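In what follows, a structure is listed as structure tokens, so that the remarks can point back to it.
Protein chains: 2
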Amino acid sequence: MDVQQPRWLTDEEMQTWLALASVLIRLPAALDDQLQRDAGISHFEYQVLAMLSGAPERTLRMSTLAVFANGSLSRLSHVAGRLEKAGWVRRTPDPTDGRYTLAILTDAGWEKVVATAPGHVETVRALVFDPLTRPQQRQLGDIGRRIARTVDPGGSHLDSFSS
Amino acid sequence: MDVQQPRWLTDEEMQTWLALASVLIRLPAALDDQLQRDAGISHFEYQVLAMLSGAPERTLRMSTLAVFANGSLSRLSHVAGRLEKAGWVRRTPDPTDGRYTLAILTDAGWEKVVATAPGHVETVRALVFDPLTRPQQRQLGDIGRRIARTVDPGGSHLDSFSS
DNA sequence: TTGGCTCGGTTGACACTTCAAGCTAGGATG
DNA sequence: CATCCTAGCTTGAAGTGTCAACCGAGCCAA
Numbered sequence: 001m002d003v004q005q006p007r008w009l010t011d012e013e014m015q016t017w018l019a020l021a022s023v024l025i026r027l028p029a030a031l032d033d034q035l036q037r038d039a040g041i042s043h044f045e046y047q048v049l050a051m052l053s054g055a056p057e058r059t060l061r062m063s064t065l066a067v068f069a070n071g072s073l074s075r076l077s078h079v080a081g082r083l084e085k086a087g088w089v090r091r092t093p094d095p096t097d098g099r100y101t102l103a104i105l106t107d108a109g110w111e112k113v114v115a116t117a118p119g120h121v122e123t124v125r126a127l128v129f130d131p132l133t134r135p136q137q138r139q140l141g142d143i144g145r146r147i148a149r150t151v152d153p154g155g156s157h158l159d160s161f162s163s
Numbered sequence: 164m165d166v167q168q169p170r171w172l173t174d175e176e177m178q179t180w181l182a183l184a185s186v187l188i189r190l191p192a193a194l195d196d197q198l199q200r201d202a203g204i205s206h207f208e209y210q211v212l213a214m215l216s217g218a219p220e221r222t223l224r225m226s227t228l229a230v231f232a233n234g235s236l237s238r239l240s241h242v243a244g245r246l247e248k249a250g251w252v253r254r255t256p257d258p259t260d261g262r263y264t265l266a267i268l269t270d271a272g273w274e275k276v277v278a279t280a281p282g283h284v285e286t287v288r289a290l291v292f293d294p295l296t297r298p299q300q301r302q303l304g305d306i307g308r309r310i311a312r313t314v315d316p317g318g319s320h321l322d323s324f325s326s
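Line by line, the protein sequences give chains A and B.
Read in the working numbering, the first sequence has 4 at position 4, and its numbers run on one by one without any break.
Going from the second sequence to the working numbering is simple: count from 1 and add 163.
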């Protein structure tokens, strides 16, 4: 809308942007491929299971889980249906307030995460951390946080997430 | 498969990875939103048009274009169909070798790029470059290229692309 | 208690990507 | 030439995400 004098990209900026655009497309695809191949699930499904595995009681409200997993509530609802059918998750109304729905990781779901996490972490390490020097790894953290904060100023990306 | 001793992520690495994961999801979504809102096209469609606009004769083979736009040939074929119906692109068999198909940017397509590019560039600048210091911008280029090269070792991401 | 409001969650239709199969032009091989 | 093979591209079906409409539980006010 109404750009007076477009601040064009320099050659160097363009090279940077092309590299980033490539990463933006291909890195998620590579992670999806690995998970699909080794565990038969998508990256989003993995995030859902992983977030639940790290939550108290292995339980989260659907709306909270949607934020943690970086997805819309609608998307989560569809996916939760599939995960439920697979026996990894079950849903029940929150006993303390029937408006909420609790998503709970089953024992089978826990086993799935335990079986899947190491290979996935290994892939993240191989694709993201290993090619960088240690100072670059630290820089990437700062850079990532800055961009994330700019893209989504109301973002709550401060989950202590192990497992 | 078969991970002997998973090299777990340290807390700092986990923070970095969470920030990056967030960017990986939300930055493309933000770029898509801007283009959809202001120009009614997806980011992938924009990339197709933009790559053609920077090519000699505003023409590229479908297979080449697919690589430049970071997409599969099948996906490009579907999208090219839509862009063709919109009058921005036309396709003809390569006169010198009928096995290839040439995608050509029409005048209307050129106008579309000219009208859309400034706002898009402005968004990229606002979301990616502005929040970073100049050294970080340079670091991001190096980091992006390293990761891109690792994810896709056969990648030819060296297009001098202006416009 | 009744009606309306809010909001978490679900559902179904539509759009887009992927996957696998198929088509065709050109080259290679006999 | 005739046949096979390769490779670029297209096509249709199946799966997944998005969007908008809807449902229902709890809250509040009359």
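Even glycine gets a Cβ: it sits at the ideal position worked out from N, Cα and C.
In this text the structure is predicted, and so the values were computed from the model without any measurement.
Residue i CB to nearest chain B CB: under 8 Å?
i, result
"LEU140/A", "yes"
"ALA55/A", "no"
"ASP152/A", "yes"
"SER22/A", "yes"
"GLY144/A", "yes"
"VAL128/A", "yes"
"ALA86/A", "no"
"GLN36/A", "no"
"GLU13/A", "yes"
"LEU76/A", "no"
"GLU122/A", "yes"
"TRP8/A", "yes"
"ALA66/A", "no"
Would you mind reading off the limits of the beta strand (DSSP E) that contains residue i?
i, result
"ARG90/A", "89 to 93"
First and last residue of the alpha helix (DSSP H) that includes residue i?
i, result
"THR227/B", "225 to 231"
"PRO28/A", "11 to 39"
"LEU140/A", "134 to 151"
"LEU212/B", "206 to 216"
Can you grab the Cα-Cα spacing for the pair residue i / residue j, in whole Å?
i, j, result
"ASP322/B", "GLY54/A", "Annotation note: pLDDT 44 at ASP322/B (below 50); position unreliable, coordinate value reported separately. Going by the C-alpha atoms only, they are around 43 Å apart."
"THR27/A", "VAL114/A", "What sits at residue 27/A in the sequence shown is Leu, not Thr. Approximately 23 Å between the Cα atoms of the pair."
"LEU246/B", "GLY98/A", "48 Å"
"HIS320/B", "PHE231/B", "Caution applies to HIS320/B, whose pLDDT of 45 falls short of 50 and renders its modelled position unreliable; the value that the coordinates give is listed next. Cα to Cα, HIS320/B sits roughly 8 Å from PHE231/B."
"ARG238/B", "PHE129/A", "30 Å"
"MET166/A", "VAL79/A", "Residue 166/A lies beyond the range of chain A shown here (1 to 163); nothing can be said about it."
"THR350/B", "THR179/B", "This structure leaves residue 350/B out entirely; chain B is present only between 164 and 326."
"TRP110/A", "GLN47/A", "13 Å"
"TYR100/A", "GLY81/A", "16 Å"
"PRO56/A", "TRP171/B", "21 Å"
"LEU105/A", "ILE143/A", "33 Å"
"ALA229/B", "GLY71/A", "28 Å"
"LEU236/B", "LEU127/A", "25 Å"
"LEU223/B", "ALA266/B", "5 Å"
"HIS206/B", "PHE44/A", "21 Å"
"LEU187/B", "LEU24/A", "6 Å"
"LEU132/A", "PRO316/B", "15 Å"
"ALA193/B", "ALA271/B", "26 Å"
"LEU212/B", "THR279/B", "10 Å"
Please decide whether residue i counts as near chain A, where near means a Cβ-Cβ distance under 8 Å.
i, result
"THR179/B", "yes"
"ILE188/B", "yes"
"ILE340/B", "Outside the shown range of chain B (164 to 326) lies residue 340/B, about which nothing can therefore be said."
"ALA193/B", "yes"
"ALA202/B", "no"
"ALA213/B", "no"
Which one or two residues does DSSP pair with residue i in a beta bridge?
i, result
"THR59/A", "ILE104/A"
### Query
How do the stretch 12 to 24 of chain A and the stretch 308 to 318 of chain B stand: do at least 3 beta-carbon pairs fall below 8 Å, yes or no?
yes
#### Entry: the stretch 285 to 301 of chain B / the stretch 243 to 255 of chain B touching (three or more Cβ pairs under 8 Å)
no
### Query
How do the stretch 192 to 204 of chain B and the stretch 270 to 289 of chain B stand: do at least 3 beta-carbon pairs fall below 8 Å, yes or no?
yes
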